[in-house]
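Chains as they are written, first to last, in our numbering: chain E, 25 to 355; chain G, 25 to 355.
By construction, the Cβ of each residue, glycine as well, lies at the ideal position given by its N, Cα and C atoms.
2 protein chains.
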Amino acid sequence: MAVTLRDVALAAGVSPSTVSRALTVPEKVDERTRERILTLAAELGYRPNRAARGLITGRTGNLGLLVPDLANPFFPGLVKAIQARALESDYQVFVVDTDEDVALEPELIRQLAKQVDGLLLCSPRMRPATLREATEATPTVLVNRALARVSSVTFENGEGTSALIRHLAGLGHRRIGFVGGPAGSWSGAQRLRGVRTACATAGLLLHELGQVAPTFEGGTSALELVLRAPVTAVVAYNDLVAIGLSQALAERSIEVPGRISVAGFDDIPMAGMIRPSLTTVAMPLARAGSAAVDLLLRHLGEPEPRVRQIQVPTALRVRGSTGPSLGLDES
Amino acid sequence: MAVTLRDVALAAGVSPSTVSRALTVPEKVDERTRERILTLAAELGYRPNRAARGLITGRTGNLGLLVPDLANPFFPGLVKAIQARALESDYQVFVVDTDEDVALEPELIRQLAKQVDGLLLCSPRMRPATLREATEATPTVLVNRALARVSSVTFENGEGTSALIRHLAGLGHRRIGFVGGPAGSWSGAQRLRGVRTACATAGLLLHELGQVAPTFEGGTSALELVLRAPVTAVVAYNDLVAIGLSQALAERSIEVPGRISVAGFDDIPMAGMIRPSLTTVAMPLARAGSAAVDLLLRHLGEPEPRVRQIQVPTALRVRGSTGPSLGLDES
DNA sequence: TCCGATCCTGCAAACCTTTGCAGAGTGGGC
DNA sequence: GCCCACTCTGCAAAGGTTTGCAGGATCGGA
């Protein structure tokens, strides 16, 4: 019932081989023949059967995308960009959400790997050894995580972070608090390191206030940690935590940024929607997403993939949640 | 290099047919043989080649999921649920984001349809005729939209909406404003109808204030519409609009809910994170998503799919953005 | 006029799995 | 002891596409 290569061939009075070539290696077939075939194929509504093609070429035309949690507003932007870029190159994207279950990741990856040409792993939480194992079987690009000898697209936090710290220093803040994310998180470690360096450079005192879940609730739970510390500004592991914290502060009628400034990382859409709007270090998700796809596609074309580690620069977004220090710590 | 059915057969000393049957129709093969095969298959790490299987069975084991915009916080919850439920049944999900481009939808659907066993269309914006055409070629379940003679999972707005209106009436509001969503939107029409009915029942005066984009910016742009109308409470097409409106009101120092109450639809995660938190009509996304997958899978098993239209009930979430009316409209 | 090169096309095999059909073996009933 | 029914297994074809190889045509050069 579906129209096949044979049908087109029959209609065009040529062999299936010729039709196949007309579609995949156009230069190998006479121009007039090719045109006739293409017209006919379009008329008949021919679409190649990807299963059959995949059977012989060993390629599926699919990419696998693993994300820990679609409900985390950080990821949809990434998924969107990845999916759009893949579609442009005629690849379809399998999306798998692990629901933050680290233990599930390896099996899901194995399952996924069999059905795709390449894998995009977004911020996988898994241990390095397990991760490496997974990346060895299938062409893989890591997103928002780096690993030796594996291609990746990560965010260059340095720039955005130091801009943020300079911004805070410029506002007169001298003691900065940092609320960290989950212990095992690669990007969490990155961010902490960036903040440490930037504070040292700017001559600010950094108070590491502890670690919380990377969620809104994590942020509200950080309230006590923050209030106990003599800081005038707090940088949170990510925007959700920053927002949770801001709301908890508001709950207690502690003004942001009047009494305390708050900043985050990610620039999730919500950061611009709340009041006060959130100062944050923006990750260029769209750029990272398409870069990751480009990189992966490039690997698929290479017999011996060359590892490339791309860093996309982050940028400070100054908004309403940061303001001049009251200098409370000098009292 | 990949281990195939033949390898397992060779190792087990049986024919490929037997291995195939051991895996797909266990009762047709001797128990001991089957056990030996299964053990061996597991040892060798055999995974069936889905392309080959698909070629002969005509099934791909994939489902296609089309959403207008992943960045709209309404959808990730749905996608998550759908993907999880599909994975349980060993189906993979292709996610396609149309980026709100209605004109693109038909072509994307056609493309997708060839590679999946069934289609889940989330709130497709396309015209009924075009939509019907698309649904005729492939087993399809619509989500958040209904169409005659096509299976669907929709939200039963009536209940949640009338609860919301009763809630407002109970707070003393007499004049309610409604800010509508995009003109062609099916769920927009549904919601408007629900609000109309509920207001009529409760004896409230409904002011239809016009239509805006279903986004945060749409909400802020609705400010003037709202201020011009003599209403003490506003119901917005969705939460994003409601939140945009709230922030625009706050910008003008108009207190919510002090001077005006605001409510939305969807119960996106953000609704609980802003201040004041947003009163809204919650859509049970997880339930809808898994119901949609179940329905689709059921269709795939039936030779002549029976159309089923499922409605999942909505529920009112009372939060901080609605409060007693000041009775301004009576002044 | 003949030869070689070049361009285009067709043949046929291959990819891996499923499945209808038939054959072999077993056990039970008469 | 014979036949039938039943269970289990293997054979072979089929599904749609790609691709190495070879053949035919065309053209240019000598």
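Do the CB positions of residue i and residue j come within less than 8 angstroms of each other?
| i | j | result |
| --- | --- | --- |
| Arg149(G) | Gly208(G) | yes |
| Phe240(G) | Leu264(G) | yes |
| Ala95(E) | Lys138(G) | no |
| Val280(G) | Val203(G) | no |
| Ala312(E) | Thr304(E) | no |
| Gly234(G) | Ala266(G) | no |
| Ala315(E) | Val177(E) | yes |
| Ile200(E) | Leu166(E) | no |
| Leu87(E) | Ala76(G) | no |
| Thr162(G) | Leu145(G) | no |
Which of the three DSSP states, helix, strand or coil, is assigned to residue i?
| i | result |
| --- | --- |
| Ile292(E) | coil |
| Ala381(E) | Outside the shown range of chain E, which is 25 to 355, sits residue 381(E), and nothing can be said about it. |
| Ala172(G) | coil |
| Asp141(G) | coil |
| Asp353(E) | Per-residue confidence for Asp353(E) stands at a pLDDT of 44, beneath the threshold of 50, marking its modelled position as unreliable; no derived number is given. |
| Thr63(G) | helix |
| Ala36(G) | helix |
| Glu180(G) | strand |
| Val255(E) | coil |
| Leu247(E) | helix |
| Ile379(G) | The question about residue 379(G) has no answer here: the residues shown for chain G are numbered 25 through 355. |
| Arg77(E) | helix |
| Ser285(E) | strand |
| Arg276(G) | coil |
| Ala237(E) | coil |
Give the residues of chain E in contact with residue i, contact being defined as C-beta atoms less than 7 angstroms apart.
| i | result |
| --- | --- |
| Leu79(G) | Ala75, Ala76 and Leu79 |
| Gln107(G) | Val119, Val120 and Asp121 |
Taking just the CA atoms, how far does residue j sit from residue i?
| i | j | result |
| --- | --- | --- |
| Pro337(E) | Ala222(E) | 16 angstroms |
| Val120(E) | Leu320(G) | 19 angstroms |
| Ile106(E) | Leu340(E) | 23 angstroms |
| Val174(G) | Asn262(G) | 25 angstroms |
| Pro300(E) | Gly282(G) | 19 angstroms |
| Gln116(E) | Phe118(G) | 7 angstroms |
| Leu228(G) | Arg215(G) | 16 angstroms |
| Met297(E) | Gly182(G) | 29 angstroms |
| Gly347(G) | Arg252(G) | 20 angstroms |
| Ser41(G) | Phe99(E) | 44 angstroms |
| Ser186(E) | Ala108(G) | 40 angstroms |
| Val250(E) | Ser349(G) | 37 angstroms |
| Ala310(E) | Ser245(E) | 31 angstroms |
| Leu111(E) | Leu47(G) | 34 angstroms |
| Glu354(G) | Glu275(G) | Unreliable positioning characterises Glu354(G) in this predicted model, as indicated by a pLDDT of 44, which lies under 50. The coordinate reading is nonetheless provided below. Using only the alpha carbons, I get a separation of about 26 angstroms. |
| Gly196(G) | Ala306(G) | 23 angstroms |
| Ala66(E) | Ala35(E) | 12 angstroms |
| Val91(E) | Thr256(G) | 43 angstroms |
| Ile292(E) | Glu51(E) | 47 angstroms |
Against chain E, with Cβ distances strictly below 8 angstroms, would residue i count as a contact?
| i | result |
| --- | --- |
| Pro148(G) | no |
| Pro97(G) | yes |
| Phe289(G) | no |
| Val331(G) | no |
| Pro385(G) | The question about residue 385(G) has no answer, for chain G in this structure spans 25 to 355. |
| Lys138(G) | yes |
| Gln116(G) | yes |
Under 7 angstroms Cβ-Cβ, which residues of chain G neighbour residue i?
| i | result |
| --- | --- |
| Thr84(E) | Ala75 |
| Phe240(E) | Met297 |
Taking 7 angstroms as the cut-off, is the beta-carbon of residue i closer than that to any non-hydrogen atom of the ligand MN?
| i | result |
| --- | --- |
| Leu90(E) | Looking for the ligand MN in the displayed structure turns up nothing, as the structure carries no ligands at all. |
Could you name the residues of chain G that residue i contacts, counting a contact when the two beta carbons are closer than 8 angstroms?
| i | result |
| --- | --- |
| Met307(E) | Those do not exist, as Met307(E) stays about 14 angstroms from chain G at its closest Cβ, beyond 8 angstroms. |
Interface residues of chain E around residue i at Cβ under 9 angstroms?
| i | result |
| --- | --- |
| Arg299(G) | Ser270, Gln271, Ala274, Glu275, Ile298 and Arg299 |
Any beta carbon from chain G within less than 8 angstroms of residue i's own beta carbon?
| i | result |
| --- | --- |
| Arg71(E) | yes |
| Pro100(E) | yes |
| Ile267(E) | yes |
| Leu94(E) | yes |
| Pro293(E) | yes |
Quick one: which chain E residues come within Cβ less than 8 angstroms of residue i?
| i | result |
| --- | --- |
| Val103(G) | Leu94, Val119 and Asp121 |
Along chain G, in chain order, which residues have C-beta atoms closer than 9 angstroms to that of residue i?
| i | result |
| --- | --- |
| Pro327(E) | Under the 9 angstroms cutoff, chain G gives no residues; its nearest Cβ is about 14 angstroms from Pro327(E). |
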